[in-house]
Structure formats: C-alpha cells, structure tokens
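Colleague: Taken in order, these protein sequences are the chains called A and B.
The UniProt record's numbering puts the first residue of the first sequence at 1, with every later residue one more than the last.
The UniProt record's numbering puts the first residue of the second sequence at 1, with every later residue one more than the last.
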Amino acid sequence: MKLDELANQCGEWLRGAGPESDIVVSSRIRLARNLADYPFIRKCTEQDRRAIVRSLRERITSVKELSKATYIDVEELSAIDRQFLVERQLISRELSESEGARGVAIDNNEQFSLMMNEEDHLRIQVMHSGLDLHAAWQRMNRIDDLIEEQVSYAFHDQKGYLTACPTNVGTGARISVMLHLPALVITRHIDKVFRSLQKISLAVRGLYGEGSQAMGDFYQISNQITLGKSEEELVKQVSDVAPMLINYERRAREVLIRDSEQELHDRVSRAYGILCTAKTISSEETMHLLSSLRMGVNLGLISDLEIPTINKLFIHTQPAHLQKLRGEELDTSERNIERANYLQRHLRKNTRDETPGDN
Amino acid sequence: MKCQRCEKPATFHITELTGDTPQELHLCADHAQAYLAPAAAEEPPESFLGALAQQFKVGQTAAQLARLDQKACPYCGITFYEFRHAGRLGCPHDYVCFAEDLEPLILNIHGATEHAGKRPKRHAQSLNQQTELIRLRREMKEAVDREDYERASQLRDEIRGIEQGSETDSPPPEPA
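#1: Thinking C-alpha only, which one of A/325, A/345, A/292 is nearest residue 23 of chain A?
#2: For residue 20 of chain A and residue 26 of chain A, what's the separation of their Cα atoms in angstroms?
#3: Report back the beta-carbon spacing between residue 288 of chain A and residue 313 of chain A to the nearest angstrom; my notes put them in contact at under 8 Å.
#4: Go through its chain and collect everything with a Cβ distance to residue 14 of chain A's Cβ below 6 Å, but skip five positions before and after it.
#5: Could you work out which residue in A/65, A/284, A/183 is closest to residue 387 of chain A when comparing CA atoms only?
#6: By Cβ distance below 6 Å, which residues in the same chain neighbour residue 113 of chain A in space, the five residues on each side in sequence not counted?
#7: Determine whether the Cβ of residue 38 of chain A lies closer than 8 Å to any Cβ atom of chain B.
#8: Are the CB atoms of residue 76 of chain A and residue 92 of chain A within a distance shorter than 8 Å?
#9: At the level of alpha carbons, what is the spacing between residue 231 of chain A and residue 138 of chain A?
#10: Looking only at its own chain, which residues have a Cβ that is under 6 Å from the Cβ of residue 86 of chain A, when we skip the five neighbours before and after it?
#11: Can you list the residues of chain A that residue 116 of chain B reaches, using a CB-CB cut of under 7 Å?
#12: Does residue 26 of chain B get closer than 8 Å to chain A when you measure Cβ to Cβ?
#13: Take residue 109 of chain B as the anchor and find which of A/169, A/324, A/316 has the nearest alpha-carbon.
#14: Give a yes or no on whether the minimum CB-CB distance between residue 319 of chain A and chain E is below 8 Å.
#15: With 7 Å as the C-beta to C-beta threshold (strictly closer), list the residues of the stretch 86-108 of chain B near chain A in chain order.
#16: Is there a Cβ from chain B that is less than 8 Å from the Cβ of residue 45 of chain A?
#17: Any beta carbon from chain B within less than 8 Å of residue 138 of chain A's own beta carbon?
#18: Taking the beta strand (DSSP E) that residue 73 of chain A belongs to, which residues open and close that run?
#19: If you draw a straight line from the C-alpha of residue 213 of chain A to the C-alpha of residue 3 of chain A, how long is it?
#20: Could you please give me the residues that DSSP links to residue 123 of chain A through a beta bridge?
#21: Using a Cβ-Cβ distance under 8 Å, would residue 169 of chain A count as near chain B?
#22: So, do the stretch 275-282 of chain A and the stretch 245-264 of chain A have three or more beta carbon pairs nearer to each other than 8 Å?
#23: Does the contact criterion of 3 or more C-beta pairs under 8 Å hold for the stretch 169-184 of chain A versus the stretch 224-240 of chain A?
#24: By the criterion of Cβ-Cβ separation under 7 Å, what are the contact partners of residue 162 of chain A in chain B?
#25: Report yes if the C-beta distance between residue 111 of chain B and residue 228 of chain A is below 8 Å; otherwise report no.
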C-alpha cells in the first residue's frame, strides 16, 4: 500500500459504524513501550535511533499477523506527507515534527499503527469506529503480546513498563474516545462537563491530541493516570463515562429541538447551503459547518446525507489531504478554493446520486 | 537552491554546530522557523509540571534542590536538573537511580506507586545486563569521541558478547 492509495481510501475508524457512532466517532488505545537495552530517545545517538528502528522493524515484520502492515520511513517523507499522516491520525505531531531516524508501520485498514522513535521507542495505536474500547483492547493486547515475544521491553516489577515521561509509566496505556459534542457547545454546558471529568482524573483534548484546539466540536476524553490500575480498569473507567457524556449530548440536542427547533434547523440548513455553494472556504469554517451538518443528519433534519460521508469530508478537507488528493502543493488561498470545489463535488454528487461514502 | 524539506526556494542557510560535525541546512522561511523554534516535544506535559511544582513546594530547600540537580545516572549520564527541565528521563535505569526523588512525583501524578497491569510473559532476561549495554554503548561513544580506538574496540567486543548471549535467549521466529 502506498501513501497515495491511503489518501483515496477511508480508514476503518471513519466508517461511522459501531455502537453510538452518531456521537462517538472512534475508540483509540495507545501503548508506550521501550526496548530494555537502549537509552530513552532523549539520550539516544543517531546510531542508536537507527538501530532501534531497524531492530523493531525486523522483529515486527517477522510476526505473521503484523507482517502485512506497510512500513513508512517518516524521516524520508515530505512535510505534506507527514502532515497527511497526522491528519489521518496514524502518526502524532511529535513523530512528524521530530528529527532523525523514525518510522511507522500502518495496518492496511488503518486499525493499528506502530510508531517507532516517537517520545518512546515504540508506540502502538489501535483505533476502532464507534464506542468499542473493549474490542480495541483485545486487539491491542494481542499485538502487544506478539511484539513482546520478539523484543525485551524495559519493565520494572513495581513500576511496570518504563517510559521516557513518568506521566506514562506503569501500563503506558492511553485509553480514549473521540466524541462529537456540538449541542453541549451550543448550550454552553461543555465547560461544566469538562470540570467534572477532571475531578475523576480524565483528560479532555481537541481532535489532534495534546495542546490542540477542539475543532469541529470534537473532543477526546482519555485516562490521565497510567499507574496503579490495570489496563482493563482503565478501559472500564473511560467506557463507563462515555455513555454519560453521550446522554448529556442527547439531552442537550432534545432541548435544542424542543426550545429552538427553527433556529437549529436554520443553522443546519445554512451550513449545508454554504458548504455546497462556497467558492473559497477555510479549514476552520469547514470544520465548524460540517459539525452543524453532522448534528443535522443525526437529528434527521437532513435526509440525503450519511454520517460516513461527513466523517470523510472532515478529514479529506484538511490541508495536507487536499494537496495529496490534488497531487500538487497549494498555498492557503489555493487550498481554500480547492476545498470549496471538493465539498461541492462531494455534497452535490451525494445529493444527486444518493450514493454516500464513495468518491 | 531548494529547501531541504519542501519544494520552495531556500532562503535560510543555517550551520548547525551542536552535533559531532557541523551540519549545513538550507531551508525555506517556514521550515527555518519550525527548525529554530523550540520543539514542541521539549515541553513537559502539564500534569508533569503541576506535580513537579507541588513536589518542590512541600519538599526541598534551595540547597537540597541544587544538590539533587547535580545527581546523574551512571548509565545514560542524565542529571536530575536536565530531567526536571525537559520532563523526559534518559534511560530505564533512571527509575532505579532516581527512585527516591521520583517517588513523590509519581505518587502526585498517578495517586499510586505500584504497577497493577499486565506483565511481559518473557520478562527482560536481565535488567542489569541491559542497563550494562546502555553504559557500554555510552562509554564506546565517549572513547570514539576522544579517539581512543583501542578502548572503543574493546567495548564493542563486550557489547557484541552481551548481545549474542541475549540473542540465544530469544524464542525462535514464528513459522511463515
């Protein structure tokens, strides 16, 4: 599989399927692991970094179940290709922006990726569509076991898996769900929800993780602690909280429909109108309008669109995706025109043919 | 001349002197800015900073902290000062070497100090042996840096000996 093929396909987690997928876009688990016989990344020489990537790559590809994953040398990629993988959530910004030998192995249907030489030597990520953390953990545990048969991880009897930052020590596990919460944003209840989440040691972040803004009303909820609880307990903690947030969002949507249906309908229709007719449009405005459109489809205010189409538009209208799909580098104003064209092509085609989800 | 990272013209020509040999970089304005800006990776996470601030509020005096900052790991060479500023440790052995100093920090972040999750089925054959490898590799690099090639080759042989020993411990690869 090549990067260009990846640009045209739609990852598993964008399927818009799985439990509660109207609100929970995806369930993601990440494990941080380090090889026992090398220093952590900060103290690695470039030679160490190359040896780590080589060793991990060789050992991982010798595992039958993982051997079909495509290995990509991130150091060799152009800035656009790196950004493309970040937008697709297959690598982190940190891996994209750091220097030196580093890579990623990506599963063909994008359900897992293995980042080498990020903050830790190895970061394994498993992503499922909808609220599906238990199944995602089963898969993750299996992958971790398979790799562990090949390499010696840095592990300490009391402290568990040893990581470069003490905030990840123990299980090294970050369990997260990405939620679409537009009604809680409109009704201004979102801050209250976040304050209560922090009280129970859950972290809230924007679409692209640490430090990123909540674009398009997408929020990522994850465990803050990694030590003292088992992986299953951490999975349960996030799995138990997600339905409460889903209920809050559903109730906020009901209130909006009950008290201000006209305004809500107007907001959704205007969003649809602008997305279908704009001649130039920024990434930020697109995210904002697609968020209203997504909620409108879920509330049955728009009947000729489906969630997977909108999920795909969120990702395919990001800067690097647009440039990959177009096959050339574009500056900001060219991208804004290309984005408007892309939206028109896909939303209008969708309305006419009623075949959502295709190119 | 084109930028080394993209197709735009290179308008910044940087000579990087921090590595072993000087490195010439030719970058466009955007990439030069990104290169010169402090890397996002260097920012310790908020939970870490909060815990650290709290630890020092209740704990150390300035003199105690200065003494602690000097402490260095014999394997990777990281000092506690460097760790405190970067928020990242240097090698697995730091959890042993700085154990006492990390304990309150870890308790503050996680509210616990003991791992309760899964364990590798094939436990690291010998953690000592592996931290020894880290030390030997570091010493070998230092020997090369001071052009003591005789010592460097001795160290290389020692590293090979340990690596070959641990290779034989590995399970056979899965049949294809």
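Glycine included, C-beta positions come from ideal geometry on N, C-alpha and C.
Modeller: The structure says:
#1: When each option's Cα is compared against that of residue 23 of chain A, the closest is A/292.
#2: Looking at the backbone, the Cα of residue 20 of chain A and that of residue 26 of chain A are separated by about 10 Å.
#3: That belief does not hold up - the Cβ atoms of residue 288 of chain A and residue 313 of chain A are roughly 13 Å apart, past 8 Å.
#4: If we look at residue 14 of chain A and ignore the five residues flanking it on each side, its Cβ neighbours are 311, 312.
#5: Given that chain A is displayed from residue 1 to residue 359, the structure contains no residue 387 of chain A and the question cannot be resolved.
#6: Close CB contacts of residue 113 of chain A within its chain, under the 6 Å cut and outside five residues either way in sequence, are with 90, 104, 106, 125 (chain order).
#7: Cβ-Cβ to chain B under 8 Å: yes for residue 38 of chain A.
#8: No, they are not a contact pair.
#9: Answer to the nearest angstrom: the Cα atoms are 11 Å apart.
#10: Within its own chain, the residues whose Cβ lies closer than 6 Å to the Cβ of residue 86 of chain A, once the five positions on either side in sequence are excluded, are 93, 96, listed in chain order.
#11: The answer, in chain order, is 228, 229, 230.
#12: Residue 26 of chain B has a beta carbon lying at 8 Å or more from every beta carbon in chain A.
#13: For the set A/169, A/324, A/316, the Cα lying nearest the Cα of residue 109 of chain B is the one of A/169.
#14: Annotation note: the requested chain E is absent from the structure, which comprises protein chains A and B.
#15: Residues of the stretch 86-108 of chain B that bring their beta carbon within less than 7 Å of a beta carbon in chain A comprise 86, 87, 88, 89, 90, 91, 92, 95, 102, 105, 106, in sequence order.
#16: For residue 45 of chain A, the answer is yes, since a Cβ of chain B falls inside 8 Å of its Cβ.
#17: For residue 138 of chain A, the answer is no, since every Cβ of chain B falls outside 8 Å of its Cβ.
#18: For residue 73 of chain A, the enclosing beta strand (DSSP E) starts and ends at 70-73.
#19: Unreliable positioning characterises residue 213 of chain A in this predicted model, as indicated by a pLDDT of 49, which lies under 50. The coordinate reading is nonetheless provided below. Using only the alpha carbons, I get a separation of about 27 Å.
#20: In the DSSP output, where bridge partners are listed per residue, residue 123 of chain A has A/32, A/115.
#21: Yes - at least one Cβ of chain B is within 8 Å of the one on residue 169 of chain A.
#22: No, they do not touch.
#23: A contact is defined here as three or more CB-CB pairs under 8 Å, and the stretch 169-184 of chain A meets this definition with respect to the stretch 224-240 of chain A.
#24: Going along chain B in sequence order, the residues near residue 162 of chain A (Cβ under 7 Å) are 92, 95.
#25: A contact, by the Cβ cut-off of 8 Å.
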